[in-house]
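Below is one structure, written out as structure tokens, with a few remarks after it.
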Amino acid sequence: MLDYVRYYVHRFFYKIFHFQKEPNKTIAVAHRGASGYAPENTFAAFDLAIDMKADYLELDVRMTKDGLLAVIHDETIDRTTNGSGLVKNFTYEELKQFDAGAWFHRKFSGEKIPLLCDVLKKYRGKINFLIEVKEPKKQFGIVERLAKELIEKGDQQLNVVVQSFDTAFLQEFHSVLPSISLGVLIGYRHGAITEEHLQQYAAFATYINPNKALVTPKLVYMIHQSGMKIMPYTARDIHDIQHLMAMNVDGIITDYPDYLTNLPK
1 MLDYVRYYVH RFFYKIFHFQ KEPNKTIAVA HRGASGYAPE NTFAAFDLAI DMKADYLELD
61 VRMTKDGLLA VIHDETIDRT TNGSGLVKNF TYEELKQFDA GAWFHRKFSG EKIPLLCDVL
121 KKYRGKINFL IEVKEPKKQF GIVERLAKEL IEKGDQQLNV VVQSFDTAFL QEFHSVLPSI
181 SLGVLIGYRH GAITEEHLQQ YAAFATYINP NKALVTPKLV YMIHQSGMKI MPYTARDIHD
241 IQHLMAMNVD GIITDYPDYL TNLPK
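The opening position of the sequence shown corresponds to residue 1 in the UniProt record's numbering, with each subsequent residue numbered one higher.
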């Protein structure tokens, strides 16, 4: 209860000193699913995010040896499975042999690395999707492969945002499939985000999604003035969420989507 009181006090003072309007509902983005409670980027984590009434599933994609899009964060399978090696060196049939859940807790033993097409098929119409393309320069043909995947699943009917740290990839993807909204990920090492940056990004992007440490009321205002939205990453406690909501961000990428969805209205 004390956390929720602090949240409202914090938001009140931001509204006074930064003359901000009452924010709309903050979008709850489940980071790699509800990854605070279940193994990241698995159906277990995605199912839990649905149960927690998250608005978006955030997930990562990498290409397999046979050109399919596997849902996994790292370049290797070492951290999140019982196997070892580069994702790109395995076919998907080979990747399916590894356990992607036991590392988190034995009750998740048997979870597998999903394919993007299966995730989209299972959750279409139940939740929106925030798809991060990892290191596109290392993945030859990723633009065409992802565009084909989304077109086949009905890009006009899917509520999808594709995001990346690589703005050249995003610009190329926009030229191939302009119907899909894009998000520019900005890391802490990027430094200050200027109006010039935002003008460049606004030509192809809808969202600016920075590291939470970069977010200030001024930055939120600048992004909104540029006609874009902001969904910072990655909030892992209620205090981060309070702080970001008080600054009127549009959404929050979090391992604990219930922290957002359970806040009193």
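Glycine residues also receive a C-beta, built at the ideal position from the N, C-alpha and C atoms.
DSSP beta-bridge partners of residue i
i      : result
Ser181 : Val161
Phe129 : Leu57, Val160
Ala235 : Thr254
Pro210 : Ile186
Leu115 : Ala70
Ala30  : Leu57, Thr254
Met63  : Leu69
Tyr86  : A quick correction: the sequence has Leu, not Tyr, at residue 86. DSSP output for Leu86 lists Thr76 as bridge partner(s).
Lys229 : Tyr207
Beta carbon of residue i nearer than 8 angstroms to that of residue j
i      : j      : result
Leu68  : Leu115 : yes
Gly110 : Asp118 : no
Gln163 : Tyr207 : yes
Ala70  : Arg62  : yes
Leu170 : Val184 : yes
Ala202 : Ser226 : yes
Ile230 : Ile238 : no
Asn159 : Asn128 : yes
Residue burial classification, residue i (beta-carbon count within 10 angstroms, cutoff 16)
i      : result
Ser35  : buried
Thr64  : buried
Gln139 : buried
His31  : buried
Ala213 : exposed
Gly154 : exposed
Ala192 : exposed
Gln28  : One detail in the question is off: residue 28 reads as Ala in this sequence, not Gln. Looking at its Cβ environment, which holds 16 or more other Cβ atoms inside 10 Å, Ala28 is buried.
Thr194 : exposed
For residue j and residue i, believed in contact at Cβ under 8 angstroms, the rounded distance
i      : j      : result
Leu150 : Leu177 : 7 angstroms
Thr80  : Glu135 : With a Cβ gap of about 16 angstroms, Thr80 and Glu135 do not count as contacting.
Arg233 : Asn211 : The question names Arg, but residue 233 is Tyr in the sequence shown. Right, the Cβ-Cβ distance comes to about 6 angstroms (below 8 angstroms), so this counts as a contact.
Leu59  : Ala49  : So it is not a contact: roughly 10 angstroms between Cβ atoms.
Ala235 : Thr254 : 4 angstroms
Phe108 : Ala44  : 5 angstroms
Pairwise C-alpha distance: residue j and residue i
i      : j      : result
Val133 : Phe173 : 11 angstroms
Lys96  : Thr261 : 33 angstroms
Phe90  : Ile72  : 13 angstroms
Tyr123 : Asp166 : 27 angstroms
Glu196 : Ile180 : 23 angstroms
Lys21  : Tyr37  : With a pLDDT of only 41 at Lys21, under the threshold of 50, the placement of this residue in the model should not be trusted; the figure read from the coordinates follows. Straight-line Cα distance between these residues: approximately 34 angstroms.
Asp258 : Met52  : 6 angstroms
Ile241 : Phe204 : 28 angstroms
Leu263 : Thr26  : 10 angstroms
Gly251 : Gln199 : 21 angstroms
His190 : Leu120 : 32 angstroms
Asp66  : Arg106 : 30 angstroms
Gly187 : Ala168 : 16 angstroms
Val87  : Glu94  : 10 angstroms
Leu219 : Asn209 : 11 angstroms
Gly101 : Glu75  : 17 angstroms
Arg145 : Tyr92  : 15 angstroms
Pro77  : Phe104 : The sequence as given places Ile at residue 77; Pro does not occur at that position. For Ile77 and Phe104, the distance between alpha carbons rounds to 14 angstroms.
Met228 : His243 : 20 angstroms
Pro23  : Thr42  : With a pLDDT of only 45 at Pro23, under the threshold of 50, the placement of this residue in the model should not be trusted; the figure read from the coordinates follows. Those two C-alpha atoms are separated by around 32 angstroms.
Cβ-heavy atom distance, residue i to the ligand ZN, below 7 angstroms
i     : result
Ala34 : Looking at this structure, you won't find the ligand ZN or any other ligand, since it has none at all.
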